[in-house]
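S.K.: My questions will all concern the structure given below.
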Amino acid sequence: MRRNVRSRLLSALIPLAIAGCAEAPQGATRAPAPRAGSAVTVSGLEDAVTIASDRLGIPAIRAASRQDALRALGFVTARDRLFQLDLLRRSSGGRLAEVLGRDLLEADTRQRLYGVPQAAAAILARLPGSQRAALDAYAEGVNAYLRGAQTLPVEFRQLGYRPEPWRPEDSVLVVLEMFRALSATEDAERMHTVLTRSLPKGVTSFLLEDTDPYTKALLGAQAPASPPLPVEELRALVAQSRRTRAPSAGVLGEDAGEAPVGSNGWAVAGQRTRDGRAIVANDMHLELGVPNIWYRAELRYGDSELAGVVLPGVPVLIVGTNRHVAWAMTNLMGDVMDLVRIEVHPERPDAYRTPSGWERFDVAQETIKVRGGPDTTVTVRRTIWGPVAPRPLLGGPVAIRWTALDPEGVDLGLLEMDRARSVDEAADVVNAAGGPGCNVLLADRRGRVAWTVTGRMPRRRGLDGAVSVSWADGRAGWDGYLPPAALPRVVDPPSGFVVNANHRMPLAEGAPVLGRDYAHGYRAYRITERLREARPVAEADLLAVQLDTRAEHFGFYRDLALRALGEEAASRRPALAEARRALTAWDGRADASSVGLPLLSRFRRALADEVFAAWLAPSRAAEPTLELDLPDIDTPLQRALDERSPDLVPAPEGGWDAFVLAALERAMTTLRQEHGARPLDQLEWGAVNRVRIAHPLGASPELAARLNMPDEPLPGCGSCVRLASRRFGASERLVVSPGHETEGILHMPAGQSGDPTSPHYRDQQRAWVDGRPLPLLAGPAAHTITLVPERR
-16 MRRNVRSRLL SALIPLAIAG CAEAPQGATR APAPRAGSAV TVSGLEDAVT
34 IASDRLGIPA IRAASRQDAL RALGFVTARD RLFQLDLLRR SSGGRLAEVL
84 GRDLLEADTR QRLYGVPQAA AAILARLPGS QRAALDAYAE GVNAYLRGAQ
134 TLPVEFRQLG YRPEPWRPED SVLVVLEMFR ALSATEDAER MHTVLTRSLP
184 KGVTSFLLED TDPYTKALLG AQAPASPPLP VEELRALVAQ SRRTRAPSAG
234 VLGEDAGEAP VGSNGWAVAG QRTRDGRAIV ANDMHLELGV PNIWYRAELR
284 YGDSELAGVV LPGVPVLIVG TNRHVAWAMT NLMGDVMDLV RIEVHPERPD
334 AYRTPSGWER FDVAQETIKV RGGPDTTVTV RRTIWGPVAP RPLLGGPVAI
384 RWTALDPEGV DLGLLEMDRA RSVDEAADVV NAAGGPGCNV LLADRRGRVA
434 WTVTGRMPRR RGLDGAVSVS WADGRAGWDG YLPPAALPRV VDPPSGFVVN
484 ANHRMPLAEG APVLGRDYAH GYRAYRITER LREARPVAEA DLLAVQLDTR
534 AEHFGFYRDL ALRALGEEAA SRRPALAEAR RALTAWDGRA DASSVGLPLL
584 SRFRRALADE VFAAWLAPSR AAEPTLELDL PDIDTPLQRA LDERSPDLVP
634 APEGGWDAFV LAALERAMTT LRQEHGARPL DQLEWGAVNR VRIAHPLGAS
684 PELAARLNMP DEPLPGCGSC VRLASRRFGA SERLVVSPGH ETEGILHMPA
734 GQSGDPTSPH YRDQQRAWVD GRPLPLLAGP AAHTITLVPE RR
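This is how it looks when you write it as C-alpha cells:
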C-alpha cells in the first residue's frame, strides 16, 4: 500500500511544481538558518540548549533535561525536513488531496475509512504522562521553528499553502504511518483466504510454506517438516489451465519474490571481538526516497547520551546507542491485523451479527478537501471489531481488526531506552513498548547480546489469523495482548552472536506464534556463515558483511538453464549460445560488474510467471484482482521444477527442455527490450540494478537532475545481504559498540537536509553507494545555535 501512495504522490506533485520550482532562487528555498552563535526563543523551554551541527549537518543537542532535548530535536527536524513532516502526517491522516489534488483521493479515502485520525486522537489520550510530555515538547520545538520561519521551503511556496502548527497527535499519525509500512497485512490475509478457499488443501500448504531450505539449515532440529509436494493436485491444475487457456500474466505482484520491507540485524558478543566489546549491526530495508526516511541525531541530557536515527515527526531514537546499550531493529513480519468476515442481516443491510445479537453499523460521514475540485464525502462504517474495509473479500464485507487502530495497542515506550543499562533492562523496555512489531538485537557494555521482540501481539482464540473468518458467534476473536513476559528472548547464545533478517527464528517449545510470511532465509544464512568464519571482529568487519553481494541462491536457475541449454541446442540457435556464455560467465555474486545475473533474474521471473499462473487459475477466477505476493516464491517453484515433469508446469509439446528454453528466450527478449542489442554475455548487473531514489518533485525530467540522487549502478540484489532492488534498499547502515561510539559507523542515502540547495542534501550519498564508513557521532561543530527560554 505504501508504494501505491508514493507513486500517486509523485504523479500529483509534478504538474503543480514544474512551473516555478525549477526556477526558484538558489538562496531562498528555505528559512535562513539562525546565525552561528545566535539565540532562538522556544516556548516551554526550561533551560538553554545548544545545537552544534557538524560538516554533514548532524545535530549534537546538549540539554539539561529530556524535555528540552526533544524541543531542540523538534526544532532542528523542522529546520531540515519541514515538508517531509507535513507529508507524513497528511499521508497518515488522509489529508493529501487537499494540497495535492484528486490523484491522492483514493489514498486519503482509505485512511479515512480506516479511521486513522480518530485512532491517533484516542491513542494520544491514553498515553502515559511522560510520553505525552515528550510529544508536547517535540511539538513546541517544531512550532518554534515555524513561528520564526521567514521563508518556507520551496514545496510549500509552489503548492501555495502554509503548514499548520504541529500537534502532538501528528506525531502519533507518523507512528501509525510506520505501522502501515511494516504491519498492514491486509493484502497477505486476502491472498491467504482466496488461496485457501479456491485451491486443494495440499496445494495451499505447499504454496504457503514459510520455512525454506536456508531457514531449515538455521533452525536445525527445530525445523518443521515440509508439506508433501502435491503432485496429482498440481497436475490437475495445470491440465485445467490448459483447457481453459488461463492467461499467464498478472498473477505475480510487481515485487513478488523480492525481499519484503524488512532489515538485517545482528549482535556479536564480546567473546568474538578483539577486546571483549559487543557490537550491533543494522541495515533497515525500506522504500528509498529523498529526503531519507531517517534523520540522524545525537542527544545529551542529564546522564543520557544517545546517538542514532529518529523518524521525522517522532521524538524517539529508533536504532542506535545510549553508551550502555546499543540496539537494532528488523521487521518482525508479525501478524497484528485480522480481516473479520461480516455476516450482514439478510433483510437489513444496516445490521450485522455479533456475539450479542444483531447490531447496527456505526455510520459517519468524512469530508475530504480536494485541491482544485469540490470536497468529497465518504461514508465510514464501523463494527465492534473495527472499520469496514474499503474492498470486499470474495464478494463479502470484512472489518479491520488491527493493533494500530487500538488505543491499547500503541505507545512510545521506546523513549525509556535512554535509561537502559544492560541487555536485560533493554529487553524489558522493548517488550513492554507498543510500536510496530519488530525484532530487536541488543548489545551492552559488558559484552553481552540478546534478541527479543517489541510491539503488542494479539492473543487470539478460535483462529490463527491466517485467513478471514467470522467472529459473529463469539468463538473467534482477540483476548487482549500477550503480556511482555510471554514474548520470546534469546540471551547470550553459545554461538556468540544473534542474527535476524526477517526470517523465522528458533523458538522454545510452546512459544506463541507471532507471525507468518517470513522472508526467505538466504540473507540470514549468509550473515550467519560470515559471522562463523570471522573472529575476532571489529566494526569494519561487520560493515563488510552488510555489503556482501553473494547470490548463490540464483545458482539453481543457472543449473536448470544450462542442463536444457546443451551444446546441440546452442549450436542450432546462436542466441542460445550467447545465453550459455552469459550464464557460464556468472561469478555467483551481484556486483555491479557481474555478467549473467541480469539473464538469471529475468529467467527466474519468466518461470515463475508461467508456473504460478497455471496453478492459480481457480484463484483468479474466484478473485480476479488476486496477486500472488509471497515473500518466498523460490521454495515452491524450485521444489516443482526439481521434478523435471512437464505435467507440473505449462510445458509446450516439446516437453520439459522446450519449456525451460521458452522461458529463457522470454527472459532474453525482455532484456533486449530494456537494454537494446547489447550482447547478453557483456550485460553487467549494474546496467539492470539501479535503485531510483527520488524526491517527490523529481519525477519530471526538468527537475530530476537537481532533486534526485544519481541514477548509477548499484551492487546487491533483492535477496542479497546487501539488499538493493528497484525501489528498496538499506535506508541506513549502522555498526556500533556501546561505550565505543567514537568507532561507530552510520551512513544513509542522500543527506540530512530536504533542501536541494543545502550542502547536506546529498553529501552522504557517495559514502552510501560506495559502502564507505562515516562516523556515527557528530564531528566538530561547523555551526552552533542556542535555544533559550521565553522571558517570564
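Its first residue numbered -16, the sequence shown is counted upward by one per residue in my numbering. C-beta atoms are modelled at their ideal positions from N, C-alpha and C, and glycine is treated no differently.
1) Would you call the region 477 to 487 and the region 197 to 209 touching, i.e. three or more CB-CB distances under 8 Å?
2) Between the region 314 to 334 and the region 171 to 180, are three or more C-beta pairs nearer than 8 Å?
3) Please determine, among Ala122, Ile301, Tyr197, the residue with the shortest C-alpha to C-alpha distance to Tyr505.
4) Can you tell me where the beta strand (DSSP E) holding Phe480 begins and where it ends?
5) Verify the contact flag: Thr359, CB atom, against every heavy atom of the ligand HEM, threshold strictly below 6 Å.
6) Taking a contact to mean a Cβ-Cβ separation below 7 Å, would you say Ala331 touches Val346 in this structure?
7) For Ala5, which residues of its own chain have a beta-carbon under 7 Å away from its beta-carbon, when the five flanking residues on both sides are left out?
8) Leaving aside the five residues before and after Glu288 along the sequence, list all residues of the same chain whose C-beta is less than 7 Å from its C-beta, in chain order.
9) Is the Cβ-Cβ distance between Leu83 and Asp91 less than 7 Å?
10) Need the endpoints of the beta strand (DSSP E) that Asp462 sits in, please.
11) Assign Thr652 to one of two classes, buried (16 or more other C-beta atoms within 10 Å of its C-beta) or exposed (fewer than that).
12) Can you tell which of Pro607, Gln748, Val308 has its C-alpha closest to the C-alpha of Arg431?
13) Give the C-beta separation of Thr313 and Gly418 to the nearest angstrom, bearing in mind that I take them to be a contact with Cβ-Cβ under 8 Å.
14) Name the DSSP beta bridge partners of Glu606, please?
15) Please list the terminal residues of the continuous beta strand (DSSP E) segment that includes Met488.
16) On the DSSP bridge list, what partners appear for His730?
17) Can you find a C-beta in chain D that's less than 7 Å from the C-beta of Arg226?
18) Determine the direct distance from the alpha carbon of Ser478 to that of Leu490, and round the result to whole angstroms.
19) Since I believe Gly317 is in contact with Gly498 (beta carbons under 8 Å), could you give me their beta-carbon distance rounded to a whole number of angstroms?
20) Using CA atoms only, rank isn't needed, just tell me which of Glu89, Gln114, Arg62 is closest to Arg130.
21) Going by beta-carbon coordinates alone, are Ala547 and Asp640 separated by less than 7 Å?
22) Can Asn265 and Val293 be called in contact, C-beta distance under 7 Å?
23) Please confirm whether Ala127 and Thr769 have their CB atoms less than 7 Å apart.
24) For Ala560 and Arg655, I'd like the C-alpha separation in whole angstroms.
25) Which residue from Leu525, Arg374, Ile383, Asn414 puts its Cα closest to that of Leu470?
26) Cα separation between Thr511 and Ala764?
27) Start and end of the beta strand (DSSP E) containing Ala52?
28) Whole angstroms is fine: what's the gap from Leu220's alpha carbon to Ala596's?
29) Are the region 690 to 698 and the region 748 to 755 in contact at 8 Å, needing three or more beta carbon pairs?
30) Label Arg228 either buried or exposed according to how many other C-beta atoms from any shown protein chain fall within 10 Å of its C-beta, with 16 as the threshold for buried.
31) What is the rounded straight-line gap between the Cα of Val393 and the Cα of Met400?
32) Looking at the secondary structure, which residues open and close the alpha helix (DSSP H) in which Ile510 lies?
33) Within 10 angstroms of its Cβ, does Ala682 collect 16 or more other Cβ (buried), or is it exposed?
34) Measuring CB atoms only, is the region 65 to 73 touching the region 129 to 146, in the sense that at least three cross pairs come out at less than 8 Å?
35) For Ala449, which residues in the same chain have their Cβ closer than 6 Å to its Cβ, ignoring the five residues on either side in sequence?
36) Bridge partners for Gln348 per DSSP, in chain order?
M.R.: Considering the structure as presented:
1) yes
2) yes
3) Position 522 of the sequence shown holds residue 505. With distances taken between Cα atoms, Tyr505 lies closest to Tyr197.
4) Reading the sequence shown from its first residue, position 497 is the one you call residue 480. Per DSSP, Phe480 belongs to the beta strand (DSSP E) from 480 to 483.
5) For the structure depicted, the ligand HEM is absent and the ligand set is empty, with no information on it obtainable.
6) The count along the sequence shown starts at 1 and reaches residue 331 at position 348. The count along the sequence shown starts at 1 and reaches residue 346 at position 363. The sequence given here has Arg at residue 331, not Ala. In this structure, Val346 does not lie closer than 7 Å to Arg331 by Cβ.
7) Here residue 5 corresponds to residue number 22 of the sequence shown, with the count starting at 1. Here Ala5 scores only 38 on pLDDT, less than 50, and its place in the model is too uncertain to base an answer on.
8) Here residue 288 is taken as the residue at index 305 of the sequence shown, counted from 1. Same-chain partners within the cutoff: Asn305, Arg306.
9) Stepping through the sequence shown from its first residue, residue 83 is reached at position 100. Stepping through the sequence shown from its first residue, residue 91 is reached at position 108. Taking 7 Å as the Cβ cut-off, Leu83 and Asp91 do not qualify as a contacting pair.
10) On the sequence shown, position 479 is the one that residue 462 refers to. 460 to 464 is the extent of the beta strand (DSSP E) around Asp462.
11) Numbered from its first residue, the sequence shown carries residue 652 at position 669. Label assigned to Thr652: exposed.
12) Residue mapping note: residue 431 aligns to position 448 of the sequence shown, counting from 1. When each option's Cα is compared against that of Arg431, the closest is Val308.
13) Within the sequence shown, the letter at position 330 stands for residue 313. Within the sequence shown, the letter at position 435 stands for residue 418. Going by Cβ atoms, the distance from Thr313 to Gly418 rounds to 13 Å, so no, they are not a contact pair.
14) For this step, residue 606 is matched to residue 623 along the sequence shown. Answer by DSSP bridge pairing: none, since Glu606 is not bridged.
15) Residue mapping note: residue 488 aligns to position 505 of the sequence shown, counting from 1. Segment: none, Met488 is in no beta strand (DSSP E) and carries neither H nor E.
16) The residue given as residue 730 occupies position 747 in the sequence shown. For His730, which the question treats as bridged, DSSP gives the partners Arg716.
17) Among the protein chains of the structure shown there is no chain D, as only one such chain exists.
18) In the sequence shown, the residue the question calls residue 490 occupies position 507. In the sequence shown, the residue the question calls residue 478 occupies position 495. Whole-angstrom Cα-Cα distance: 16 Å.
19) Counted from its first residue, the sequence shown places residue 498 at position 515. Counted from its first residue, the sequence shown places residue 317 at position 334. So it is a contact: roughly 4 Å between Cβ atoms.
20) As a working mapping, residue 130 is identified with position 147 in the sequence shown. Nearest option by C-alpha distance: Arg62.
21) The residue given as residue 547 occupies position 564 in the sequence shown. The residue given as residue 640 occupies position 657 in the sequence shown. Cβ atoms of Ala547 and Asp640: closer than 7 Å.
22) For this step, residue 265 is matched to residue 282 along the sequence shown. For this step, residue 293 is matched to residue 310 along the sequence shown. No.
23) Here residue 127 corresponds to residue number 144 of the sequence shown, with the count starting at 1. Here residue 769 corresponds to residue number 786 of the sequence shown, with the count starting at 1. The answer is no: Cβ separation not under 7 Å.
24) Numbered from its first residue, the sequence shown carries residue 560 at position 577. Numbered from its first residue, the sequence shown carries residue 655 at position 672. Roughly 15 Å separates the two Cα atoms.
25) In the sequence shown, residue 470 corresponds to position 487, counting from 1. Selected option, being the one with the closest Cα: Asn414.
26) Counted from its first residue, the sequence shown places residue 511 at position 528. Counted from its first residue, the sequence shown places residue 764 at position 781. Roughly 39 Å between the two C-alpha positions.
27) By 1-based counting over the sequence shown, the position of residue 52 is 69. From DSSP, Ala52 is part of no beta strand (DSSP E) but of the alpha helix (DSSP H) over 49 to 76.
28) By one-based count along the sequence shown, residue 220 stands at place 237. By one-based count along the sequence shown, residue 596 stands at place 613. C-alpha separation (whole angstroms): 10 Å.
29) yes
30) Against the sequence shown, residue 228 aligns to sequence position 245. Arg228 is exposed by the Cβ-count criterion.
31) The sequence position of residue 393 within the sequence shown is 410, counting from 1. The sequence position of residue 400 within the sequence shown is 417, counting from 1. Approximately 16 Å, taken between the alpha carbons.
32) Here residue 510 refers to the residue found at position 527 of the sequence shown. It spans 505 to 516 - the alpha helix (DSSP H) in which Ile510 sits, taken as one unbroken run.
33) Along the sequence shown, read from residue 1 onward, the residue named residue 682 stands at position 699. Ala682 comes out buried.
34) yes
35) For the purposes of this step, residue 449 is taken as residue 466 along the sequence shown, with counting starting at 1. Cβ within range, chain order: His175.
36) Mapped onto the sequence shown, residue 348 falls at position 365. Its beta-bridge partners are Thr362.
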